[in-house]
Every structure is written in structure tokens, then in C-alpha cells.
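Quick notes on the structure that follows.
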Amino acid sequence: MARVIRCIADNVVSPLGTDSRSNYYNVRAGRSGLARYESMGNISTPFVLSRIDRDIIDGLCAELGVQGNFTFFEKILLCSSVQAVRSSGIDASSDRVLFIISTTKGNVSLLGKPQEGVEQERVLLARAAREVMRFFGNPGKPIVVCNACISGVCAQIEAMRALRSGRYDYAVVIGADEQSPFIISGFLSFKAISDEHCRPFDKDRKGLNLGECAATVVLEASDNKKCGWELVCGAIRNDANHISGPSRTGEGSYLALMEVLKQCNRDKLAFVNVHGTATAYNDEMESIALYRAGLIDVPVTGLKGYYGHTMGAAGIMESILSMYAIRDNTVLATRGFAEQGTTWPVSVSNGLRECRGSEFIKLLSGFGGSNAALLYRYSE
Amino acid sequence: MERRGLDFIALNQGNAQLTGLYRSQIGDWPKFFKMDTLSKAGFVASELLLKKVGERRLEGEEYTHSRAIVLFGSTASLCADRNYQETIQDRDNYYPSPALFVYTLPNIVTGEIAIRNHWRGETSFYVLETPDAAQMAFHLACAFDDPETESILAGWVDSRNNDDYQVFMTLIDREDAADTEWLAGQLDSIINYLNK
Amino acid sequence: MEELILKLKQEIIEVLNLEDIKPEDIDNDAPLFGEGLGLDSIDALELIVLMEKNYGIKLQDPAKGKEIFKSINVMADYIQKNRTR
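Protein chains in written order, with the numbering used here: chain A, 174 to 553; chain B, 7 to 202; chain C, 6 to 90.
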């Protein structure tokens, strides 16, 4: 019999809190980490960003015993994973524990601004991952999922597969990104960033906001236990259309959705947590994919209005908040949405809604034509 | 009966010139010239491999999602990162380039190959410390967990700077990956060949 | 104007890596996007950078770019009228 993969611990570190619970209740209350910045470094164009307070992270590091010469990126990876690993009770120094890190740009800010006491080689993603694993005394070889904005979902899929193989018993899946001038200037050059709070799926959406976050799930493989949150399946599909523009027909997202729907109990599907970046093309593409997959009436919710686009963390943090929402019988509000702005009228709302389902789909898409979906199921 | 070894293509700056190979062996994909070195290396190696195994190219409205692309590397987009950083480093010469920025994501090379070949299957890029055959074989075997995936274009691609690259590409099917030890042995000998 | 048009064509060929295209291959009135040069959305964004870097013209709205990048003639005309360097 195939092994069952369950999520046994989680953590979110963001401007809205340093644990999952406080993040969930702040989002439920409508609070957002987004704020406007007039400039940063050499950037002189205004933009809106959700940024983590550096002092809070330094305080948390001291509290958690995270000491040493770490970059901000490594600190948030550790702040999140240390809390999740401790609450899971697992021995992370075992070779039966797999670490998988999800990030898009890792320590890239070292290129513009080297840090004293930190080797420049840590711009290499696996080197940064090594630092995190060394902290836990884990003897494994580092692996970093670097699939642009879908990395967080891909990392959970890869962990699920590795656990199913029988080689590992637990996986610590950590996602994070630091928002440095490198990433912000790049998205500005793409004219993709809004200088207002983003408005996912709205007719007046003007673009995305970026955000900082670190999130962790600890997954366990077992042969029989079914209770709690099960990571049922996931799929990654490519549009094969363009390296930066999403497919006009939502091809990759549609294929990924169709794959996870094979194992979904449609009557128990509470909602789809979408990517919903609030760019013109992304939200339109997602509405088409959802329509084609027969999900036009399923509640849809997007979290970018609270966190911005948190890149490497997005797939993990948005999965965790979806778990908390279902346990609370709630479809979270899509902050920033007011009026339908996509060809297909997906079921999106800017208010809290009640839900009774026990399954959700997390959907993401990103540069490189990449798309990914995964399915979580809760059982008593 | 001895099992046949994997077909592969292995290139590095010491034995091949990417633009030369593009002009002499490919020639019908002008987007090649817009790519960064990582994508150029991955693209050329994939083209030569598909030619070597004689695979028919899907055209027009033909697409498949049973072919995945799973690539590994250690430097990821570092070379593109440095090129882009140059466009934002100086306040007086601050002109961030979108065409350079897009390549600061290493999975773009998987997208380039997917677009060229009309493959809508899984595309993944994993960053490792070194080209470790056993580690790659394990994660390639994992990729067949997706029931739709029948074969994988797999490989290693690295580029430290614009004139430096290392790439190998091979095609594996379910049977190849089921024997993970055999696959690791095959990858190991390809890596040794590449490093020669 | 002739001089500006030639210079502009050379700049476009260089920044967009149009390796096998020569200035005389680009028709002054032909559309830059769509058929012909095979340019895409990233090329359009890169042309916005070119306008700012080489001619001091800031285009905030990519939609505005679409009008200006209609053809070499339209682009050169716009540059002539709005350049600050």
C-alpha cells in the first residue's frame, strides 16, 4: 500500500506574525503587511511591498538560539523551520529526514552588497541550504527547488514523492525569499508592480506587490494513519508558450488542475487557493483554467492582498493558511478585490465566507511557463 | 543480456562552441541569440540529443504532456544574476534590463526547451552542491510518481560566467528509473565523461 | 532623420540580439511587432529601456510603447520630438 503523507507541523514568519496561528487570525481580521515605499537603494520608482522588520527577526533569532553569521534570507529560513521542527518533535539530525528548500533568489543580495563574515559563495543556493541543514545537524545533501514562483508547491510535491519512495520518514520543506532591490527592480522593469495595494481578480487591477515571508511544513510518511492533513497529490505542467507571459488559454494550469482533480472529492472541495497576483495576464489566465477545469462555481481565494507575492514562500505559506481556514470553516476574503475583472466569473469575494469542505487545491504559476497544483485533505 | 547504456550529449566550453553548434546543427530558432549561457547550453544539448536519438519533433497543434524535463545544476542562474546586477549596481547607470532579469530564474532553460518541443509535461530545476549521480537518480525516479510522465529529458547544466558552461542531457523512461542503482551508474559515467 | 533611423536600427539589433538581421533588412514602415522580426513582450520592455537609456525618454505605461513601437519611422519621429539627450 502506498504511504500516506501528512503535514504534522507548520510555521509562517511574515510581517503579520511569527507563527501560523497569528498569521491566520491577522488575515482573518483583514490586516495586511503591504506598505508603500517611495524608493529603495537605486530604485526611485514608488512601489508597494510587504516587508519583514529586521529587528523582529534578530530578536526572534536570539529567542530561538539561532546564532552565527547568517544572512537575512538564512535567518528567516531558520526562524521558520526551527519553530516548525520543534513543534513537530522530530529529530531533524536523522538521515531519515529530508530537507527541501524552496526559493527563487536566495542570497542574491550578496552580489550587490557583500556581508561581513559571510562567504560570497553563499549566493549559491545549495550552499545557503547547507547552512540551514548544518544548524540542525542534518547529514543529508542539500536540494533546492528553483522553479520561479511555483517553487513552494513543487517543493511539497517533491517531498511527498521522496517520502513515498520509502527512503525518508520526514521532510522539512522550507520556503523563503528576501525582497532586495535585485528582485524589485526586475519586476519594475517588467512593469508588473503596482504602486497601490494589489487587487486580485478586480477589473481595475494594476499589477502585483512583492512580499517577504518564510514558511515551513513538516511532512510525515506513514503506512496507515489517515487523520489530520494529508498531502494527497500534486502536479507540475508547462504552458510551452512563452518564458514570461502566461498561456492565453491557461494550458499548464488547466492540465495541473485536471491531474489533481483525479483524486479530489468534488463535493468536499472547500475552495481553490489561487495564485492571484493581480497582474492583468495572470488572473485572466487563472480564470480561464478554472473555467476549463469545471471549477467556476467553487469558491476561490487569493492572499496576495495581505502578503504580496512572497515567491519561494508563497506555495507553502498559502497552503498553511488554507489549512487553518478549513479548520475554521472559512473561505478567507480576497483582500483588494471589488468588482469582477476576468472573462470567466470565478467565485471570488472580498468578504469572509463559510465553508464546509475538507479539501483544498493550491494553484500557482510562474515564469518559464511553469504551473503547479496540489491537493490537501483533512480527515478526523 | 547486457542492458544498453543511455544515449547522451555532454558539452563544455573546452570541447564545443555553442553558437557554432547552433549554426551548424540547428539554425532555425533565432530566439537562441536572446538566451543566457545557461539556456543556450541546455537548449543546444537538448537539440543534439533529440537529433541523436532520432525523435520526431511535434509541430503545429501537436503537444504532449507525457515528457517531463528535470534539470539539475549548482550555479543555477548565477551568471545571469551577475549580468543583471551590473544593470542596477550604479545609480548613474541604473537601467534594469527585463531581458536579462528573466534569465535570473534557472528554470527558464526548462521553459525554453518545453516551448521548442511542444512539451507540456512537468518542468523542474533543482539546485545541488555537486553533480551527484545517486542524488540525481533518486530525484529522477521520484519524478515518475506523476502517472502521466512516461519519459524525462534529464541533465545537468551549469554556467559560472558567460564563457563557461558544463552540460549533459539524456533521456530516461520508467524502466530506466525503476533501477535507481543502474541509473546512478549511468549518470556517474556520463559525469566522468563530461569532466574528462 | 536618416542618420537617427540608421542609428536606431543598429541599437535595436544590438539590444534585442537580432543576430542575423542587418539594418537594411528592417523596413521603415513595417510593423516592428507581430510578423517580421518575431519580437515579443520582453523585447517591447527592452525597447522601453533603450528609449530611456539612449534618448532620456521615460515611458511608464507599456501601452504607450505599443503606439510608439509601431514602426521605425513612428519610433524615430517620437524620439526626434521628445528626446532629452
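Where is the CB? At the ideal position from N, CA and C, for every residue including glycine.
Computed from a predicted structure; not experimentally measured.
- Item | Beta-carbon neighbours of residue 102 (chain B), restricted to chain A and to distances below 8 Å | On the second sequence, position 96 is the one that residue 102 (chain B) refers to. Chain A residues near residue 102 (chain B): 358, 359, 361, 362.
- Can you list, in chain order, the stretches of the alpha helix (DSSP H) that have 4 or more residues and sit fully within the segment 92 to 142 of chain B? 104 to 107, 114 to 123
- For the segment 94 to 124 of chain B, which residues have a CB atom closer than 8 Å to at least one CB atom of chain C, in sequence order? Listed by position along the chain: 101, 102, 103, 104, 105, 108.
- Distance, Cα to Cα, residue 164 (chain B) vs residue 275 (chain A)? Here residue 164 (chain B) corresponds to residue number 158 of the second sequence, with the count starting at 1. Here residue 275 (chain A) corresponds to residue number 102 of the first sequence, with the count starting at 1. Approximately 19 Å, taken between the alpha carbons.
- Anticipated Cβ contact below 8 Å, residue 149 (chain B) with residue 74 (chain B), distance rounded: One-based indexing of the second sequence puts residue 149 (chain B) at position 143. One-based indexing of the second sequence puts residue 74 (chain B) at position 68. Confirmed, Cβ separation roughly 6 Å.
- Name the residues in the segment 24 to 45 of chain B whose C-beta lies less than 7 Å from a C-beta of chain C; which are they? 36, 39, 40
- Item | Every unbroken beta strand (DSSP E) inside the segment 45 to 94 of chain B [3 residues or more] | Listed in chain order, the complete beta strand (DSSP E) runs (minimum 3 residues) inside the segment 45 to 94 of chain B are 73 to 79.
- Task: Give the residues of chain B in contact with residue 25 (chain C), contact being defined as C-beta atoms less than 9 Å apart.
- Result: As a position in the third sequence, residue 25 (chain C) is number 20, starting the count at 1. At a C-beta separation below 9 Å, residue 25 (chain C) has these neighbours in chain B: 36, 39.
- Where the alpha helix (DSSP H) containing residue 554 (chain A) begins and where it ends: Shown here, chain A extends from 174 to 553; a query on residue 554 (chain A) therefore has no answer.
- Message: Taking the beta carbon of residue 346 (chain A) as the centre, do at least 16 other beta carbons fall within 10 Å, making it buried, or is it exposed?
- Response: Numbered from its first residue, the first sequence carries residue 346 (chain A) at position 173. The residue is buried, with at least 16 neighbouring Cβ atoms inside 10 Å.
- Task: Give a yes or no on contact between the segment 179 to 196 of chain A and the segment 380 to 387 of chain A, applying the rule of three or more CB pairs nearer than 8 Å.
- Result: yes
- Item | Own chain residues within Cβ distance below 6 Å of residue 130 (chain B), not counting five before or after | The count along the second sequence starts at 1 and reaches residue 130 (chain B) at position 124. So the qualifying residues of the chain are 76.
- Of all Cβ atoms in chain B, is any one closer than 9 Å to the Cβ of residue 22 (chain C)? In the third sequence, counting from the first residue as 1, residue 22 (chain C) sits at position 17. Closer than 9 Å to some Cβ of chain B, the Cβ of residue 22 (chain C) qualifies, so yes.
- Task: Please compile the residues from chain A whose C-beta is within a distance smaller than 7 Å of the C-beta of residue 47 (chain C).
- Result: The sequence position of residue 47 (chain C) within the third sequence is 42, counting from 1. Within 7 Å Cβ-Cβ: 417.
- Query: Of the residues A:538, A:404, A:473, which one's Cα is nearest the Cα of residue 416 (chain A)?
  - Reply: What you label residue 416 (chain A) is simply residue 243 of the first sequence in a count that begins at 1. Nearest C-alpha to residue 416 (chain A): A:538.
- Message: Just to confirm my understanding: we take residue 253 (chain A), look at its own chain, exclude 5 residues before and 5 after, and list those with CB closer than 8 Å. What are they?
- Response: Translated into positions along the first sequence, residue 253 (chain A) becomes position 80. 184, 185, 186, 347, 349, 387, 388, 389.
- Item | Unbroken alpha helix (DSSP H) run spanning residue 172 (chain B), endpoints | Residue 172 (chain B) sits at position 166 when you count from the first residue of the second sequence. Taken as a continuous stretch (DSSP letters only), residue 172 (chain B) belongs to no alpha helix (DSSP H), being part of the beta strand (DSSP E) at 170 to 179.
- Task: Rounded to whole angstroms, what's the CA-CA distance from residue 98 (chain B) to residue 496 (chain A)? Just pull it up for me.
- Result: Position 92 of the second sequence, counting from 1, holds the residue named residue 98 (chain B). Position 323 of the first sequence, counting from 1, holds the residue named residue 496 (chain A). When rounded, the distance between both Cα atoms is 48 Å.
- Just by C-beta distance, which residues in the segment 537 to 553 of chain A are closer than 7 Å to chain B? 540, 541, 542, 543
- Whole angstroms is fine: what's the gap from residue 249 (chain A)'s alpha carbon to residue 230 (chain A)'s? The residue given as residue 249 (chain A) occupies position 76 in the first sequence. The residue given as residue 230 (chain A) occupies position 57 in the first sequence. Cα-Cα distance, rounded: 7 Å.
- Cβ of residue 45 (chain B) versus every heavy atom of the ligand ADP: is any distance shorter than 8 Å? Among the components of this structure there are no ligands whatsoever, and the ligand ADP is therefore not found.
- chain B contacts made by the segment 265 to 285 of chain A, where a contact means CB separation under 8 Å: 277, 278, 281, 284, 285
- What whole-angstrom Cβ distance do residue 443 (chain A) and residue 528 (chain A) have, given they're in contact under 8 Å? Here residue 443 (chain A) is taken as the residue at index 270 of the first sequence, counted from 1. Here residue 528 (chain A) is taken as the residue at index 355 of the first sequence, counted from 1. Separation of the CB atoms of residue 443 (chain A) and residue 528 (chain A) is rounded to 4 Å, and the pair is thereby assigned contact status at 8 Å.
- Beta-carbon separation (whole angstroms), residue 15 (chain B) vs residue 51 (chain B), contact threshold 8 Å: Taking the second sequence and counting its residues from 1, one reaches residue 15 (chain B) at position 9. Taking the second sequence and counting its residues from 1, one reaches residue 51 (chain B) at position 45. With 8 Å as the limit, residue 15 (chain B) and residue 51 (chain B) qualify as a contact, their Cβ atoms being about 5 Å apart.
- Does residue 43 (chain C) get closer than 9 Å to chain B when you measure Cβ to Cβ? The residue given as residue 43 (chain C) occupies position 38 in the third sequence. Look at residue 43 (chain C): its C-beta is under 9 Å from a C-beta on chain B.
- Item | Which of helix, strand or coil DSSP assigns to residue 363 (chain A) | The count along the first sequence starts at 1 and reaches residue 363 (chain A) at position 190. DSSP places residue 363 (chain A) in coil when its eight states are reduced to three.
- Contacting residues, own chain, Cβ-Cβ under 8 Å from residue 337 (chain A) (five flanking each side not counted): If you number the first sequence from 1, residue 337 (chain A) lands on position 164. Around residue 337 (chain A): 175, 176, 178, 394.
- Task: Measure the alpha-carbon distance for residue 124 (chain B) versus residue 526 (chain A) and round it to whole angstroms.
- Result: The sequence position of residue 124 (chain B) within the second sequence is 118, counting from 1. The sequence position of residue 526 (chain A) within the first sequence is 353, counting from 1. The straight-line gap from Cα to Cα measures roughly 40 Å.
- From the DSSP output, in three-state form, read off residue 188 (chain B) for me. As a first step, residue 188 (chain B) is located in the second sequence; it is residue number 182 there, counting from the start. If DSSP states are grouped into helix, strand and coil, residue 188 (chain B) belongs with the helices.
- Option nearest residue 361 (chain A) by Cα separation, candidates C:50, C:80, C:77, C:75: In the first sequence, counting from the first residue as 1, residue 361 (chain A) sits at position 188. Answer by Cα proximity: C:50.
- Query: What number of angstroms, rounded off, separates the C-alpha of residue 487 (chain A) from the C-alpha of residue 64 (chain B)?
  - Reply: For the purposes of this step, residue 487 (chain A) is identified with residue 314 of the first sequence, where counting begins at 1. For the purposes of this step, residue 64 (chain B) is identified with residue 58 of the second sequence, where counting begins at 1. About 34 Å.
- Task: Per DSSP, which residues does residue 535 (chain A) bridge with? Please list them.
- Result: Counted from its first residue, the first sequence places residue 535 (chain A) at position 362. For residue 535 (chain A), which the question treats as bridged, DSSP gives the partners A:446, A:547.
- Query: Mind checking residue 376 (chain A): buried by the 16 CB within 10 Å criterion, or exposed?
  - Reply: The sequence position of residue 376 (chain A) within the first sequence is 203, counting from 1. Classification of residue 376 (chain A): exposed, given that the 10 Å Cβ count is below 16.
- Query: What is the C-beta distance between residue 410 (chain A) and residue 128 (chain B), in whole angstroms, given that I count them as a contact (C-beta under 8 Å)?
  - Reply: Taking the first sequence and counting its residues from 1, the one referred to as residue 410 (chain A) is at position 237. Taking the second sequence and counting its residues from 1, the one referred to as residue 128 (chain B) is at position 122. Contact flag correct, Cβ pair sits at about 7 Å.
- Which word fits residue 351 (chain A), buried or exposed, when buried means at least 16 other C-beta atoms lie within 10 angstroms of its C-beta? Here the question's residue 351 (chain A) lines up with position 178 in the first sequence. Counting the other CB atoms within 10 Å of its CB gives residue 351 (chain A) a total of 16 or more, which places it among the buried residues.
- Item | Cβ-based contacts, 7 Å cut-off: residues of the segment 62 to 87 of chain B near chain A | Residues 69, 71, 80, 81, 82, 84, 87.
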